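Numbering (our numbering), first residue to last: 1 to 179.
If you want it as structure tokens, here you go:
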């Protein structure tokens with residue numbers, strides 16, 4: 001189940017996750033998380049080609065939907081472990097009010113109130129191939145440049161929030177990846 005929300009992110013109901021995304025998707029709660037390693041590099045992932053929405057695009061480290069009653073931090077930890085086999089710590093909400101709506105080439109709409117988090121990697125990445133086709137550790141400035149040069153190669157949520165997140169990433173990685 002996913003949590004349905006109003007435009008301000010307040011819960012207003014629940015919906016089955018398997019059927020929530022369609023041609024007219026109700027606004028629901030999600031999250032995006034950017035993971036930084038001990039060297040100050042940012043983890044970017046390429047969505048598996050089998051994903052229902054935006055297959056094969058590059059995006060943030062991990063994203064997902066909190067279950068009803070689950071804290072965002074617990075949801076970030078759960079999805080990082082499931083998608084990436086990765087332990088994370090130091091989870092910080094960098095963009096608490098981010099939301100977006102976008103439609104992929106197949107016609108499926110995303111319509112999410114989607115706070116953006118930053119976390120620190122505490123283990124190696126062992127991606128789940130059903131979720132992640134590839135991953136790279138990159139300099140945050142290189143990601144900003146790549147998204148600016150070729151936004152069509154990245155998820156719409158990453159493109160939409162990266163400019164607001166970039167100063168936080170720069171401060172975090174300059175401080176030695178202490179999140």
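For each residue, glycine too, the CB sits at the ideal point set by N, CA and C.
As the structure is a computational prediction, the values presented were derived from the model and not from experiment.
Item to check | residue 19, enclosing alpha helix (DSSP H) - first and last residue | outcome: What you label residue 19 is simply residue 19 of the chain shown in a count that begins at 1. 17-20 is the span of the alpha helix (DSSP H), which, as asked, contains residue 19.
Next on the checklist: I need the straight-line Cα distance from residue 89 to residue 74, nearest angstrom please.
Outcome noted: Against the chain shown, residue 89 aligns to sequence position 89. Against the chain shown, residue 74 aligns to sequence position 74. Within the model, the alpha-carbon separation for residue 89 versus residue 74 is close to 11 Å.
Checklist entry - Between which two residues does the beta strand (DSSP E) containing residue 122 stretch? => result Translated into the one-based positions of the chain shown, residue 122 becomes position 122. For residue 122, there is no enclosing beta strand (DSSP E), as DSSP marks it with neither H nor E.
Checklist entry - In the structure shown, what three-state DSSP assignment does residue 105 receive? => result Position 105 of the chain shown, counted from the first residue, corresponds to residue 105. Here residue 105 sits in coil by DSSP.
Checklist entry - Using the beta-carbon count (16 or more within 10 Å), is residue 86 buried or exposed? => result Stepping through the chain shown from its first residue, residue 86 is reached at position 86. With 16 or more Cβ atoms within 10 Å of its Cβ, residue 86 is classed as buried.
Item to check | Whole-Å CB distance - residue 116 paired with residue 61, under 8 Å assumed | outcome: For this step, residue 116 is matched to residue 116 along the chain shown. For this step, residue 61 is matched to residue 61 along the chain shown. About 11 Å separates the two Cβ atoms, so there is no contact after all.
Item to check | Touch test, the stretch 140-154 against the stretch 92-101, Cβ-Cβ under 8 Å, three pairs minimum | outcome: Touching, no, given that fewer than three Cβ pairs across the two stretches are closer than 8 Å.
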